[in-house]
Amino acid sequence: MPPIKLVGFDLDDCLFDSTGLSERARIKGIEAMIDLGLNIEREKAISLIHEIVYEYGSNSSQHYDYFMRRLNELKILETYKNFNQYKYIAAAVMAYHKEKIESISLYDDVEPCLNKLKKYNIKSAIISDGIPIKQYEKILRLNIHNLIDLVVISDEIGIRKPNPKLFTYCLEKFKVTGPETIYVGDNLDKDVVPSNQNDIFSALIHRGGKYDTYKAGNSIPENKQPDFEISNLLEIFPIIDQLNK
782 MPPIKLVGFD LDDCLFDSTG LSERARIKGI EAMIDLGLNI EREKAISLIH
832 EIVYEYGSNS SQHYDYFMRR LNELKILETY KNFNQYKYIA AAVMAYHKEK
882 IESISLYDDV EPCLNKLKKY NIKSAIISDG IPIKQYEKIL RLNIHNLIDL
932 VVISDEIGIR KPNPKLFTYC LEKFKVTGPE TIYVGDNLDK DVVPSNQNDI
982 FSALIHRGGK YDTYKAGNSI PENKQPDFEI SNLLEIFPII DQLNK
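The working numbering applies: residue 782 is where the sequence shown begins, and numbers increase by one.
Written as structure tokens, this is what we have:
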């Protein structure tokens, strides 16, 4: 067994609480519209935005636009004179981005893990789906750009998870093999499966995010089994020691 030379990480819900941050930001947007004068009960509004996110997906950029259409359909806006929905949407978007910018933070175990990898003389990489500018903005705001040796963003090279070629690309960049690599992610389909297809040791991390539908010990389909399950990044070091032996 060759020694471990590289540890890769997913970004969202692996290195920071992306799901929780987005949820808090959406609610801040709702509260901003209410503060501006939108006459709707807070809990009812939050229930509607949850419904919209479920229907249109968490990555949609038009949640508040759909929210206004939903209010119109429910005839909630009929009592307003000269109602300008764009003013309210703008307030919501401003509050949403303010929360996402000010509250983004690493999980407590990230910096200790990345620093310890350097002491082990093991390279680190982020392999993430997404729009490059948005993903790099997160990395810079989290202030980990100097702790990571390589960042691979899917849309930067035109290959998206779960295509295993995204992981192959990273291996080739470092000139390492799959058995010399561990990849940590929270998504069975997009992280574990393509890792396994590259003979990379897969570590499914349980952070409680939107893709964390399996808790440690629960039944995972045979064709999606990770090599390891962890709940803290520092748990990879006993794994590295075990594999290196």
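In this text, a Cβ means the ideal position worked out from N, Cα and C, and glycines have one as well. Please read all numbers here as calculations on a predicted model, not as lab measurements.
What are the boundary residues of the beta strand (DSSP E) that includes residue i?
i            : result
residue 955  : Not the beta strand (DSSP E): residue 955 falls in the alpha helix (DSSP H), residues 946-955.
residue 848  : No beta strand (DSSP E) holds residue 848; the alpha helix (DSSP H) holding it covers 844-854.
residue 891  : That residue, residue 891, is in no beta strand (DSSP E); its alpha helix (DSSP H) goes 891-900.
residue 973  : Counting along the chain, residue 973 falls outside any beta strand (DSSP E), and DSSP gives it neither H nor E.
residue 934  : 931-934
residue 1001 : First-last for residue 1001: undefined, no H or E at that position.
residue 964  : 962-966
Less than 8 Å between the C-beta atoms of residue i and residue j, yes or no?
i            : j            : result
residue 847  : residue 833  : yes
residue 904  : residue 787  : yes
residue 1021 : residue 901  : yes
residue 798  : residue 888  : yes
residue 919  : residue 940  : no
residue 983  : residue 1007 : yes
residue 907  : residue 790  : yes
residue 938  : residue 950  : yes
residue 845  : residue 810  : yes
residue 942  : residue 913  : no
residue 945  : residue 979  : yes
residue 857  : residue 821  : yes
residue 962  : residue 947  : no
residue 911  : residue 890  : no
Please state the DSSP three-state secondary structure of residue i.
i            : result
residue 885  : coil
residue 797  : strand
residue 909  : strand
residue 983  : strand
residue 789  : strand
residue 1010 : strand
residue 862  : coil
Buried or exposed for residue i, please, with buried defined as at least 16 other CB atoms from any protein chain shown within 10 angstroms of its CB.
i            : result
residue 867  : exposed
residue 916  : buried
residue 1017 : buried
residue 862  : exposed
residue 990  : buried
residue 807  : buried
residue 816  : exposed
residue 824  : exposed
residue 959  : buried
residue 785  : buried
residue 882  : exposed
residue 855  : exposed
By Cβ distance, which residues of its chain are closer than 7 Å to residue i, with the 5 residues on each side in sequence left out?
i           : result
residue 814 : 869, 872, 873
residue 893 : 1015
If you drop the 5 nearest sequence neighbours on each side, which residues of the same chain put their C-beta closer than 6 Å to that of residue i?
i            : result
residue 993  : 967, 987
residue 969  : 1005
residue 971  : 942, 943
residue 1012 : 987
residue 792  : 907, 909
residue 849  : 866
Using C-beta distances below 8 Å, list every residue in its chain close to residue i, excluding the 5 sequence neighbours before and after it, in chain order.
i           : result
residue 895 : 905, 925, 928, 929
Looking at the unbroken alpha helix (DSSP H) that takes in residue i, where does it start and where does it end?
i            : result
residue 837  : 823-837
residue 1021 : 1017-1025
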